[in-house]
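Report on the following structure.
Chains as they are written, first to last, in the numbering used here: chain A, 80 to 635; chain B, 210 to 1321.
Listed below in structure tokens is the structure:
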């Protein structure tokens, strides 16, 4: 009896052991419960959309802290930061702009979309989204660094030859960017959800990228880059499509920069929404606090024309800049709205406010915002909006005209920059002859015009400058026009001058009575190497020796 | 079979033979109790128990016959504390006659005199006593620690010590845990086992230990040993009551740990808890402990009238206005001097007098003049107590064990001390269900409650940061009964926050004896650990002395106006089944086979909820708050499984061989690596069993050589699911429909090559037992390598994300361990024992991706723990400088090291120009070109040692345990370690000896405010005069009198009338003396501190305790 029981037990135990043996392989398969893994994530369009939201952080908008695309982009010939600000003089070890994170993110999305059960229309839309953001990321890299390695797949750490490949030419990269954007335009939905990347947003980026690359290729002749015309044409055509797509200008120039809610704004193609307690920004706080503001400089103030349409050097209505009232008299309304109607500076605080130059930026203020302090401001920020498109259109037309590839018409101006001028009470610009300008039939040339720039292009560039002042465009506009010397105070001294004010103790004024925000001898000297930022040295050091030489930009 | 109950009822019945012994044995008649004891009262009490013991003894024998024999009566007791040794085997030498002692240690034997009686017991040294007359024999047995016959608990089994071939140490549980006020058993293991290091960085009530076996094993994972309590992984030993521990084994080499697979790469601590035993009468034990503790070493506050001149000097030199929060330090100094002259010694309360102790006006911040004994104001003597009660017993088929423990410890803060209370309940029942089937159930429950003041500065211990931050004039008293903005105000206002941790476990296990040689064991354990944490902040009303006008207002930030609740549940389910086959084969071959399966699944769930705007801080619950709510949570799971086996073979008990293997699975890896085979082997040679060694027998009883080698994988990759391309989810800074979009990020990069770290251990050892087991010595030499250690290398940004973890590094640890144990019984009344352990090892990183050997990272060839710094030469003198302040000819230029306004001058530290290039610098900041830097010390402990001396004299017993580290250093940062580290916060008493033109032989250099950072990347904190350097390197070597205990066992005759078996009273002291030459007045183990401020933490305590151990 005893023996028998043991036998059964033995049998039972053996069976149990066998059962366990087969069970154990699965037993230790414990995928994470509270984490997604790439292997199992790509199962629905909803998940694809969830993944896509992270790309939108590329749109900084007004930003928290001092990283915003507006006002804080003060290294330009428009603003004088509160402290002397120079170019980065030596190549740094690291630079957050040398990033490929969103490129990898987009490549991973592209590689996984086909796994997701959805129809081809949806797949193509989401591929378009990925390629749109990849293009945006590359556009930003090229603007800063010029040549960059083009990587169009997600990498395994073993693919060292790709991770450490030499830089590709900016021409190749920008061609790829345009091709990504063309794909995006062709395949994106007209509307996926409100205020998301769609066909119009793709067009807006083509308009921006095309103008940038086209003019860069045209003006940086030392690089002997091809196809300027292709990019300018792409910009012009994309802009033209948007100009007839139902967008229209707000009655007021400043609405788009100071609105608590931009949904339904006919001027906006894409905007960044801010909500109290959810997502807020700092631009109002920084232009409305006791911290010294980066004021507009004399050069910027003088770039605004008079309401008669003539530059101040030509207009009979210009009353000089003896004081602010005179400065503001008979001027482009955009000036009146870009700065406050009072001067404030360190010996003349107004409600505790002070600007480095006396001219206080007022463009982004919104007294109705429930919290005026940084970082709790909640006005919405435009990302792509019609005025830029109109300026892009006019400039692309003028540049193509200058190249003999297109003949600009009065209608081109009337459909673009003249709409902006009209809104701000400025007489329309007329084209006369080849690249000549006139107002109400009176031809003129701005005495302050660069000699190598035709009058028409000069006036269109001015339009862009005053319309989009402090909106983050100016620095890279100067780079693509090869006009870096405008940032050099030894060649353009007005950029380090402010308003003309009465003398006061402890206030530095120049001999003519203009505020000098910086100590004498604080000079910002531009040389050609500053057209590109240095590749961070810590990155170059990681490369094989034979590739390192080609990694850095000239003269760094 | 007779039950114990029937025996107790006085109905003795001859039991059937339980164990068959070889040969025919004589039968002993049951002795009449009256023959043994005369006293009637005693008789009544003792009779049933005596009978039980006797019958147990009798049950050993078969076919027993009575003949004319002499009656030998006796008693066996422990020489440690005089308590009876229960269940000791008493046999007549040269025969198989014998019996077991009863619950009073009494026995009775019939034998023909004269005989030699041999006494053996598992926990004591065997002893032989000649008996020539028919009389009462009284035998004191020495507790043994390393008897060859000791059973050593090893992985999934037990081995006799003499047959162990791996590196296994056991712990003398009684000496280690008894008398000591321990709430966490791991604390008691500090210094006890060679190769096992347990270190603390502060002395807080809940301070956790860093536990390592043979040093650090990996730079990524925890590197901690696997801790098993009754076959269940138990990372936190504080769930155990030290009183419930029966045995502790420490498995150190791969040969002994491979059976546990990839969680045991860095050793195993095996703990077995007590159980009831069959055929044992009821034992009731009560013990307690009451203790008080004070800090071992703390810095002293300086007299502010001496402190402030130094701070003013430092500030002025740094070009900083000498002020604090707007107090002009010169004015403050004058005020304090005035206070000392007029009011010092007249203060009888902590209430501060306006105009005398402090000044305040409506438009300035207040000035504080009164000098406080800050340590007295802030700290108190910590009280604590413990109570344990244990009941156990067993009949022939059922045994039980029940214990309950309670402990309460108070914290050191005077105003609002923290407190820990613990309740432990442990029970177990063992049953012989049938002759071949045993069933055991064990239950363990631990309730832990920690109450602590809300951490207004973040963690609770940040209170120490601020307590030590400013001088003794800071306001510790009250004005109008209310505190100023200082630590007491926060502590006073802080709500009691709690953590309650309920740990419970049920183990069910079963043994089935399939045949005489084959035994199958299976167990299943369910572990549930539930943690609930309740935190509530709220306002702190106090005189805001940081603001002009000193308003009485809320000084806490609105960020602390919240209440939160957190719950965690950790589950472990474990299943083990294994079979053991033990067979003595013909021709002196002995074979033991073991094979089994282990499976464990873990899950951890937690929720955290927080709500702002508490309605009433005294009611800190989520429903009673009105503001924003946040909730987070986590849900993780993991599993391990393995098929394991072991072969033990010995020939004539002389040649020993052991092979272990485990096919192990871990959920930490991708499918391709999830399972892996690990193996090890060990051999032993007992040379003393050779004929040619016979001559040495009188001196050396046993001598064994051991060698083992094995490779195990380490599955602890320092993070869960590291093999998976995980995608983090979170809110995106993009608003959709009024809320932030919820996004999922790009997956992190994973290398396909990622796999186990491979840990290989080679161990060579020898065990020598001398002088009849009275002295034993063990020595081990080992090498442990980690190949394929996890690293995360730098990768170009073009990769798009951080580099994946790869198996890119290697590390090697070499060391040795020595342990020596001795027992010296002098006579019946006097015995001594002693033990010594000594360990040393060194870890070298043998492979690391850092080609230029930058010292800011690890590099190949680096000794782990190395501290880089300068060699201090001397103070600069005026002769070292030219008139214009430039360096004189022949003096190395040190100006490149100066930060801020600092400029080296007379009285500043001159570093040695080691490379002789005339400039003091850090070269390329690399080991290849370190400039004038060198390795000035190492943070890893070397030559860890301990020794224990103890003994028994009659009823008195004593035990001294010393523990220490022979060589270790530390670069201390923060103000306690470096004067003026952070501008002008404080100078302590030990920092007043600074250089002045009149005091050129000072301990510290010419003061300068702000020495926190230097100019050499890769060096620890400190700059200017305080770059890491030989002069100010802390020497953390120490020797501690870790524990002293002295016990007195009351004479048994005093107690018997109260039915008490034994009472032992004892006093004990912990950390009574510490010998250390640290360099600053801190305990060498309490170097923790918020924000890298060495020493600003819970101090290590010196404890005094007393208590009693009572057996009923």
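Backbone N, C-alpha and C define an ideal beta-carbon position, used for all residues, glycine too. All values reported here derive from a predicted model rather than from experimental measurement.
Residue 422/A sits away from residue 263/A, with the two beta carbons spaced by 9 Å or more. For the segment 154-187 of chain A, the residues whose beta carbon sits under 7 Å from a beta carbon of chain B are, in order, 177, 178, 179, 180, 182, 183, 184, 187. Inter-segment contact for the segment 927-941 of chain B and the segment 873-883 of chain B is present: three or more beta-carbon pairs are separated by less than 8 Å. The beta carbon of residue 230/A sits closer than 9 Å to some beta carbon of chain B.
The beta carbon of residue 846/B sits closer than 9 Å to some beta carbon of chain A. Excluding residues up to 5 positions away in sequence, 257, 285, 289 lie with their Cβ nearer than 7 Å to the Cβ of residue 313/A in the same chain. Counting C-beta pairs with one atom in each stretch, the segment 1209-1221 of chain B and the segment 546-561 of chain B have fewer than three that are closer than 8 Å, which means they do not touch.
Between the alpha carbons of residue 180/A and residue 1128/B lies a distance of about 43 Å.
The beta-bridge partner set that DSSP reports for residue 662/B consists of 705/B.
Ranked by how close their Cα comes to the Cα of residue 1020/B, the residues 1263/B, 829/B, 362/B, 1054/B have 1054/B in first place. Interface with chain A (9 Å Cβ-Cβ cutoff): residue 936/B is included. Leaving aside the five residues that flank residue 412/A on each side, the residues in its chain whose CB is nearer than 7 Å to its CB run, in chain order, 332, 503, 504. For residue 568/B, the beta-bridge partners assigned by DSSP are 576/B. Bounds of the beta strand (DSSP E) holding residue 1118/B are 1118-1120. Note on geometry: alpha-carbon atoms of residue 786/B and residue 1282/B lie some 48 Å from one another.
Residue 111/A belongs to the set of residues whose beta carbon lies under 9 Å from a beta carbon in chain B.
With fewer than 16 other CB atoms across the displayed protein chains lying within 10 angstroms of its CB, residue 902/B is exposed.
Per DSSP, the unbroken alpha helix (DSSP H) holding residue 378/A starts and ends at 377-381.
In the DSSP assignment, residue 1157/B is bridged to 1044/B, 1170/B.
DSSP places residue 543/A in the uninterrupted alpha helix (DSSP H) bounded by 534-546. When Cβ pairs closer than 8 Å are counted between the two stretches, the segment 487-502 of chain A is seen not to touch the segment 348-358 of chain A, the count staying below three.
In the structure shown, residue 147/A adopts coil according to DSSP, grouped into three states. Contact annotation, residue 563/A with residue 610/A: C-beta distance approximately 6 Å; criterion of less than 8 Å satisfied. Under the 10 Å beta carbon count, residue 755/B is surrounded by fewer than 16 other beta carbons and is classified as exposed. Residue-level contact by beta carbon fails for residue 887/B and chain A, as no gap is shorter than 9 Å. Under the Cβ distance rule, residue 145/A does not count among the residues neighbouring chain B, no pair being separated by less than 9 Å.
DSSP lists 1162/B, 1257/B as the beta-bridge partner residues of residue 1165/B.
For the segment 979-1011 of chain B, residues whose beta-carbon sits nearer than 8 Å to a beta-carbon of chain A comprise 1003, 1004, 1005, 1006, 1007, 1008, 1009, 1010.
In the DSSP assignment, residue 385/B falls within the unbroken alpha helix (DSSP H) covering 382-386. Pairing residue 1118/B with residue 620/B, the inter-Cα distance amounts to about 41 Å. Residue state for residue 406/A is assigned as helix, using DSSP reduced to three classes.
For residue 152/A, no beta strand (DSSP E) encloses it, and the DSSP letter there is neither H nor E.
With 16 or more other CB atoms across the displayed protein chains lying within 10 angstroms of its CB, residue 565/A is buried. The CB of residue 875/B comes closer than 7 Å to the CB of 107 in chain A, given here in chain order. Cβ proximity to chain A below 8 Å picks out 929, 930, 933, 934, 935, 936, 937, 938, 941, 942, 943 from the segment 913-943 of chain B. In this structure, the beta-carbon distance from residue 397/B to residue 422/B does not fall below 9 Å.
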